[in-house]
Amino acid sequence: MDIDDFLERELSGIGLDTGKSGKPESPEHFRDIDASPLFENIRADLGKGNLELAEQSYVQLWHILAQQKLKWNKELYEQLLALSRQFSGMLSQAYGDVRKKASQIYELIGRGRNSLKEGKKDVPFRIYAEIEGLLNSMPNVFFEEKRAVQEQVMEFYKELKNTTDNELVRRVSSLVQEINMIIEKVNASIRANDMISAIVSYNKCMELYSQVPEGFLRHKNSAGMRLLEIYKSLSIYTEISSLQKQLSRQPARQQARQEAPGQQKQPIPSIPSQPATTQTLTKPMLVHTKKELAKRYIEKGFYNEAAKGIEEALQLDPGDAEARAIRAKIKTLQ
67 MDIDDFLERE
77 LSGIGLDTGK
87 SGKPESPEHF
97 RDIDASPLFE
107 NIRADLGKGN
117 LELAEQSYVQ
127 LWHILAQQKL
137 KWNKELYEQL
147 LALSRQFSGM
157 LSQAYGDVRK
167 KASQIYELIG
177 RGRNSLKEGK
187 KDVPFRIYAE
197 IEGLLNSMPN
207 VFFEEKRAVQ
217 EQVMEFYKEL
227 KNTTDNELVR
237 RVSSLVQEIN
247 MIIEKVNASI
257 RANDMISAIV
267 SYNKCMELYS
277 QVPEGFLRHK
287 NSAGMRLLEI
297 YKSLSIYTEI
307 SSLQKQLSRQ
317 PARQQARQEA
327 PGQQKQPIPS
337 IPSQPATTQT
347 LTKPMLVHTK
357 KELAKRYIEK
367 GFYNEAAKGI
377 EEALQLDPGD
387 AEARAIRAKI
397 KTLQ
């Protein structure tokens, strides 16, 4: 008896197709096979259409056969033969699906390139997302076919990226130019002592500055250094304004205390209609204001401004002990 007759008899005995009938495999053909865990895993994965997981276990089963050398293992032989035939049928069906998806991807790439030429910004991205979905759904077991499609997808991605990168560079360039123009406007407003306009323009500038994306650090750092100087100037202005408003309300509080029951009334000082300035404040109030400002500057690290203010306070009152103490502290910090 030759090997073909032997195998035919053996396969017929376990209910498997010998290849002569031409009938496809069916699950009933596996019922009489002594199933190993790997065999069951492969059948389960194939039943779910998961060729990639099935392939992993299938390779392990072949590795076990290789370790057998030429020692006959009927159970292993029957399992591999049955699985090979089932794989053959599923691969044929899956390959047809892969070719269909590849054709769809090539068609989408063509549409995407046409959209780029027409200057449509959003359409190519939507097409690329659809392409990625199709590509990811192609099983990795078809490595050669999938690789050929991936190469075409990568070429389209490069074209898409180059176009969008060029647009990004132009957009950032325009954005930085607008930021620099507003910075000049802010500085002009500060020189004209129009602080309200300066603050409005500064806020708009900061909003635009936050829109500069990563990757443009050189432009962002250059504009950022100029914005920091403006931030410092406007912060000092708002601190001074806040303190002056507080001091402008002091005469009203003093008046309220003087009119309290049991106290002798004092002449009512005039209350300035605008925030107190150096012309409306008395000498002691000016000294107090400059000392308070110097303390605020020290807290914020504005040591030069603090030193300037405290020197002005000492010019008004050289004997002010607190002012001299603040000046000594500033010298240790500078």
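Adding 66 to a residue's 1-based position in the sequence shown gives its number in this note's numbering.
Think of the CB as a built atom: it goes at the ideal place given N, C-alpha and C, for glycine as much as any other residue.
In this text, all values refer to a predicted model and were calculated from it rather than measured experimentally.
Which residue wins for smallest C-alpha separation from residue i, given the options the options?
i: residue 303; options: 185, 363, 282, 284; result: 363
i: residue 274; options: 125, 241, 206; result: 241
i: residue 387; options: 397, 368, 357; result: 357
i: residue 311; options: 114, 355, 133; result: 355
i: residue 184; options: 160, 154, 143, 229; result: 229
i: residue 369; options: 298, 351, 349; result: 298
i: residue 234; options: 399, 135, 256, 282; result: 282
i: residue 182; options: 227, 278, 350; result: 227
i: residue 215; options: 164, 267, 383; result: 164
i: residue 295; options: 138, 268, 263; result: 268
Looking only at its own chain, which residues have a Cβ that is under 7 Å from the Cβ of residue i, when we skip the five neighbours before and after it?
i: residue 120; result: 108, 111, 112
If you check the beta carbons only, do residue i and residue j fall under 9 Å apart?
i: residue 175; j: residue 208; result: no
i: residue 371; j: residue 393; result: no
i: residue 353; j: residue 391; result: no
i: residue 117; j: residue 167; result: no
i: residue 300; j: residue 245; result: no
i: residue 349; j: residue 309; result: no
i: residue 293; j: residue 261; result: no
Near residue i, what residues of its chain come up, given a Cβ to Cβ distance below 8 Å and the 5 sequence neighbours on each side ignored?
i: residue 169; result: none
i: residue 197; result: 171, 174, 175, 178, 219, 222
i: residue 380; result: 386, 389, 390, 393
Would DSSP call residue i helix, strand or coil?
i: residue 309; result: helix
i: residue 106; result: helix
i: residue 348; result: coil
i: residue 116; result: coil
i: residue 111; result: helix
i: residue 383; result: coil
i: residue 259; result: coil
What does a CB cutoff of less than 6 Å around residue i pick up in its chain, not counting 5 residues either side in sequence?
i: residue 123; result: 104, 107, 108
i: residue 285; result: 242
Any Cβ of chain C within less than 9 Å of the Cβ of residue i?
i: residue 249; result: Given the protein chain composition of this structure (a single chain), no chain C is represented.
ask   = Using 8 Å as the Cβ pair cut-off and three pairs as the minimum, do the segment 224-244 and the segment 195-209 touch?
value = No, the segment 224-244 does not touch the segment 195-209.
query = Three or more beta-carbon pairs under 8 Å between the segment 292-306 and the segment 360-375, yes or no?
reply = With a cut-off of 8 Å, the segment 360-375 and the segment 292-306 count as touching, because enough Cβ pairs lie within range.
query = Do the segment 182-192 and the segment 144-155 meet, that is, are 3 or more Cβ pairs less than 8 Å apart?
reply = No, they do not touch.
message = With a threshold of 8 Å, are at least 3 pairs of Cβ atoms found where one atom belongs to the segment 242-253 and the other to the segment 285-299?
response = Flag = yes, the segment 242-253 and the segment 285-299 touch.
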